[in-house]
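For reference, the structure is listed below as structure tokens.
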Amino acid sequence: MKYLVVILVALTAFASCEQPSHTLPILGEREVINGDTVYHTIPDFSFVNQDSQVVTNATFAGKVYVADFFFISCPTICPKTTKQMLRLYEHFQNEDGVLLLAHTVDPKRDTVAALKHYAHNLGVEGSKWHFVTGDQDEIYEIADDYFSIAMEDPEAPGGYDHSGRFILVDENRHIRSFCDGTDPADVDRFMKDIESLLNEKK
Amino acid sequence: MKRSSNILGGLLVLLAVLYAACDIKTYEHGEILYENFCANCHMEDGTGLPGIIPPLAGADYIGLYPEKLPCIINQGIKGELVVNGRTYNTEMAGIPQLTEFEITNIINYINTAWGNDFEIVKHLDVRKALEECE
Chain A
-14 MKYLVVILVA LTAFASCEQP SHTLPILGER EVINGDTVYH TIPDFSFVNQ
36 DSQVVTNATF AGKVYVADFF FISCPTICPK TTKQMLRLYE HFQNEDGVLL
86 LAHTVDPKRD TVAALKHYAH NLGVEGSKWH FVTGDQDEIY EIADDYFSIA
136 MEDPEAPGGY DHSGRFILVD ENRHIRSFCD GTDPADVDRF MKDIESLLNE
186 KK
Chain B
910 MKRSSNILGG LLVLLAVLYA ACDIKTYEHG EILYENFCAN CHMEDGTGLP
960 GIIPPLAGAD YIGLYPEKLP CIINQGIKGE LVVNGRTYNT EMAGIPQLTE
1010 FEITNIINYI NTAWGNDFEI VKHLDVRKAL EECE
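If you're matching them up, the sequences are chains A and B in order. Counting from 1, position 9 in the first sequence corresponds to residue -6 in this note's numbering; the numbering is continuous, with no gaps. Counting from 1, position 128 in the second sequence corresponds to residue 1037 in this note's numbering; the numbering is continuous, with no gaps.
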């Protein structure tokens, strides 16, 4: 048993040497099944975006994406997080490898038409930034999946209050980084993480 | 004689500084209220959210319709409006719990913050405007 631990530690050290210096960790719970590490993975989902198109995991195949949760009539932090998402949208305007996925948590009021209106007013066109609605329970369930990693870190600003977070997902559906979407400085750091994730693929 | 006039001069300067500090205090109060009641939407720097929430920093609207501000704060506003050439049409709910004094302080904060240079309003102007809200 003791040897096993030593070997594991040595292997981990070795593995971390192998990695290029800027590789982001894979976040979330992990299990070892038959010797393979299985990382926390975003499950299948299916929602509808502002252009009435179905958005699934396949929409993000071969891309990295940033997920967040909001609602149009939200009087508290949403304008701030939307403003920071707008920064990401503008920053990665010409980078096809990055998409944005904003889920409404108020699907009753935030219909496809309402989302279209909102996106249009913001000046968002094209298919980089998906504003999606769908079954309320499914949205809440997937939120738990995205935020499970954020919850592990009670020291993070906002603690267990997961609202306002941006989550970075890689092409293997693994969560690689997150930030407080109300804090421009934290979003700056997050942008660098997105860039290093893109570089990893190159 | 010379010495006492020096002291007098010093006192005057001190008084002026204190007076100025008091003056700033009013807007500090406005700033705190602004952060609590307005900054979520209009942002700490008054820039709003393009297309959804109009700016207050450098907003032509404030210069054009200064008399509307007390009613907007108290009763809210909805329907189309144009700020710096961009059309907005999202409802803003009123904040009826703010008193006349608080509204005055918020407006004076807005009118002088972020490089804004709009006219300072008095509490009685705000009262009059509130009496005439639609």
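Heads up, the beta-carbon is just placed ideally off N, CA and C, and yes, glycines get one too.
Neighbours of G108 (chain A) across chain B, judged by C-beta separation under 8 Å: P959 and G960. For the 8 Å CB-CB criterion, H76 (chain A) and I160 (chain A) do not form a contact.
Fewer than three beta-carbon pairs drawn from the region 28 to 37 of chain A and the region 173 to 180 of chain A are found closer than 8 Å, and the two stretches are therefore not classed as touching. In summary, I18 (chain A) is exposed, with fewer than 16 beta-carbon neighbours lying within 10 Å of its beta-carbon over all protein chains present.
Residues of chain B whose Cβ lies closer than 7 Å to the Cβ of P92 (chain A) do not exist; the shortest such Cβ separation is about 19 Å. Counting C-beta pairs closer than 8 Å gives fewer than three between the region 1008 to 1015 of chain B and the region 988 to 997 of chain B, which falls short of the contact rule. The three-state reading of DSSP puts S133 (chain A) in helix, counting H, G and I together. T44 (chain A) has its alpha-carbon roughly 21 Å from the corresponding atom of D95 (chain A). At a C-beta separation below 8 Å, C1042 (chain B) has no neighbours in chain A, since its nearest C-beta there lies roughly 21 Å away. Around the Cβ of S914 (chain B), a 10 Å sphere holds fewer than 16 other Cβ atoms; the residue is exposed. A direct Cα-to-Cα measurement between F1027 (chain B) and T167 (chain A) gives close to 29 Å. Restricting attention to B:H951, B:Y974, B:N945 and B:P1005, the CA atom closest to the CA of K68 (chain A) is found in B:H951.
DSSP places M70 (chain A) within a helical segment (H, G or I) once states are collapsed to three. Along the region 60 to 90 of chain A, the positions whose C-beta sits under 9 Å from a C-beta of chain B are P60, T61, I62, C63, P64, K65, T67, K68 and L71, read in chain order. G955 (chain B) sits buried, since 16 or more C-beta atoms from the chains shown fall within 10 Å of its C-beta. For C947 (chain B), no alpha helix (DSSP H) run applies, since DSSP gives it neither H nor E.
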